[in-house]
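Sequential numbering of the sequence shown, starting at 1, is according to UniProt numbering.
Remarks on the structure that follows.
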Amino acid sequence: LINDKNYAESYVRTMMNTSDKGPKVIKLNFLKKGVDDNIAEDALVLYTDKLQVEKGVALAEKLANRYSHDSYRNKQNKIKQALLTKGFSYDIIDTIIQELDLIFDDDTEREILLEKANKLWSRYDNLDIKKRKFKIQQALFKQGFSFSDITS
């Protein structure tokens, strides 16, 4: 029991320092290894909210660069989903998104929209114009662009 406690605390410190995993994933790893739930909870106290936000912001910045060719809304959703997968809670994710300072830029959004629309235009070149426009609008809407941006 003492060894489990030492192991759990050591494992949490190691994961905090060397990985981008959140507390939920770490707790899941404890369950897989057979560590008692109370010991796991006590060890996870070391992973404070402040540390989680720091780790999460660093990860979210990397993800924002990875998803730079997506619409603002889509980028935000993908970042949130990735943070959830990594084991961060919804409250921490909301704080991370606020600290991330994702800026909505009309010009960038317009460029991305035009780039995607051009790709879709060539993809649906076998359809008649009316159906082609509808398919493109539908696909762009699915990719997170607003209807007003698509139609303008």
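Positions of the beta carbon are idealized from the N, C-alpha and C atoms, including for glycine.
Note that the coordinates shown come from a computational prediction; the quantities given were computed from them, not determined experimentally.
When rounded, the separation of the alpha-carbon atoms in E115 and V12 is 44 Å.
Contact between K75 and L102 holds, with the beta-carbon distance rounding to 7 Å and staying under 8 Å. Within a 10 Å sphere around the beta-carbon of I129 sit fewer than 16 other beta-carbons, which makes this residue exposed. Bounds of any alpha helix (DSSP H) do not take in D128, whose DSSP letter is neither H nor E. Note on geometry: alpha-carbon atoms of H69 and I96 lie some 21 Å from one another. Around the CB of F134, fewer than 16 other CB atoms lie within 10 Å, so the residue is classed as exposed. Around the C-beta of Q81, fewer than 16 other C-beta atoms lie within 10 Å, and the residue is accordingly described as exposed.
Relative to D106, the option among N6, D125, S146 and K78 whose CA is nearest is S146. Within the model, the alpha-carbon separation for D149 versus A43 is close to 49 Å. By the CB criterion at 8 Å, V35 and A8 fall inside the cutoff. Exclusion of the five residues before and after F30 leaves A40 as the residues of its chain whose Cβ lies within less than 6 Å of its Cβ.
Counting only runs that start and end inside the stretch 22 to 106, there is no beta strand (DSSP E) element of at least 3 residues. For E109, same chain residues with a beta-carbon under 8 Å away, outside a window of 5 residues either side, are S71, Y72, F145 and D149 in chain order.
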